[in-house]
Structures are given as C-alpha cells and as structure tokens.
Amino acid sequence: MTEVKTGDTVLIHYTGTLTDGSTFDSSAGRDPLEFTVGSGQIIPGLDKVLPGMTVGDKKSVEIPADEAYGQRQDEAFQAVPREQIPEDIPLDIGTQLQVQTPNGQVMPVTVAEVNDSEVTLDANHPLAGKDLNFDIELVEIKAA
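Sequential numbering from -5 applies to the sequence shown in this note's numbering.
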C-alpha cells in the first residue's frame, strides 16, 4: 500500500480544536484540503505527522504552539493614531481588519485596544500561542 512521503500531494479531511475542545476549523461539509507534504503550505506540526500514512488512515495529533502558529509576539502590536483610521471603520475590541503594509501587502489585524488618542492593532495570527489538536483522515495521495 502506498504511504505518504515528502513531496506527495495529499487530500485530507480534518477537524482542528483548541485544548478546551472548541472547534476552530474543519473540512466537514467541504472538499478535503489539498496540499503538498513538506512544502510549507500547512503548519509544520501537521506536515510532519503525514509521512507514513496510507489512504483511509485516521490520526489524532496534538500540536504545540511552536509547531503551529508560533508564540504571540509583542512586536506584532502596533499603536496607530486614531485620526489615521477612517470614521466608518468599526473599532470594537476583537474586530478583525485588514491593513496594507508600506510595500502593498495586505495583512489581517485585530483591534486589541482603543482609547481617545490611538488604536492598538494586533498582527499576531489569532491562533498564535495556542496548542492545537487535529483529527485527520487521509483521503487521497497523488504521488510526486
């Protein structure tokens, strides 16, 4: 039976949960996720558990934050003068926005703090600093 190896394109169904059991993402009701193993298209901890699996295999894995989206970084917080943000932009704590970097790249941020003079935006990934659990099922292997 064919086993997954680095460089293979695979299709998996998955459910990702936090340590409290809440689901943050799932392929249920959607097409399976397709990616090339070892290419960096998915988080490192998930990428490294796939080699050796065969079609139909199911696996539950715990992935520490360092092998998922990394630890939260203090330097990812940026205070912006409130007058630089258009009036029609909602500034409720936790609101996700998109900003454009000086080089034109669009980056998601979350409103972390608001006061009369500035808005603090958090560019950390929402799952940074969190250990993740995944239930995965290998649906297909497209050999390299």
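Beta carbons: idealized from backbone N, C-alpha and C, even for Gly.
Remember, predicted model here, so these are calculated numbers, not experimental data.
- Query: Leaving out the 5 sequence neighbours to the left and right, which residues in its chain are closer than 7 angstroms to L121 when beta-carbon positions are compared?
  - Reply: F18, A62, Y63
- Item | Length of the line joining the Cα atoms of T3 and E28 | One alpha carbon belongs to T3, the other to E28, and they sit about 7 angstroms apart.
- Query: Where D25 and I135 are concerned, what is the direct C-alpha to C-alpha distance, given to the nearest angstrom?
  - Reply: 15 angstroms
- Query: Nearest to V74 by alpha carbon, out of G34, T95, G23?
  - Reply: T95
- Query: Identify the residues that DSSP records as bridge partners of S20: which are they?
  - Reply: Paired residues: T9.
- At what residues does the alpha helix (DSSP H) containing P102 begin and finish? No alpha helix (DSSP H) holds P102; the beta strand (DSSP E) holding it covers 100 to 108.
- Item | Among V103, I37, I79, G10, nearest to S111 - alpha-carbon criterion | I79
- Item | Touch test, the region 32 to 40 against the region 98 to 115, Cβ-Cβ under 8 angstroms, three pairs minimum | No contact exists between the region 32 to 40 and the region 98 to 115.
- Item | Collapsed DSSP secondary structure at A137 in the structure displayed | coil
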